[in-house]
Amino acid sequence: MSFPLEITDISLWLAVTAIILLITSEVLTSALASKIQLNKTLLRILAVGCGFGFMITVLMRFAGLN
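Heads up, the sequence shown is in numbering that gives the first Met the number 0, so the first residue is 0 and it goes up one at a time.
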């Protein structure tokens, strides 16, 4: 049984997720969204984690481990 997603699919998903999380954390820090109570630090940590995951998948493709 093969895995339905390839490294390129996972890489794209991680990159898009990181961008969405970073944009969300920046929008929430604006003065307009002061009524929304979310942990902005956690969003940024998750975005950086997704970014690291993206870099790992890029390195895997570069090394030929896909």
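We treat Cβ as the ideally placed atom computed from N, Cα and C, and that holds for glycine. Keep in mind it's a predicted model, so treat the numbers as computed, not measured.
Check your understanding: Is it buried or exposed for Arg58, if we count other Cβ within 10 angstroms and need 16 for buried?
Key -> Before going on, a small fix: residue 58 reads as Leu here, not Arg. So Leu58 counts as exposed.
Practice item. Tell me whether the beta-carbon of Leu37 lies closer than 8 Å to the beta-carbon of Leu20. Key: For Leu37 and Leu20, no; Cβs fall outside 8 Å.
Exercise for review: Just tell me which of Thr40, Ser10, Ser29 and Ile22 has its CA closest to the CA of Ile55.
Suggested key: Checked all of Thr40, Ser10, Ser29 and Ile22; the closest Cα to Ile55 is Ser10.
Review point. Can you give the beta carbon distance from Ser29 to Arg43, rounded, assuming they're within the 8 Å contact cut?
Key: The pair is not a contact, with the Cβ atoms about 15 Å apart (cut-off 8 Å).
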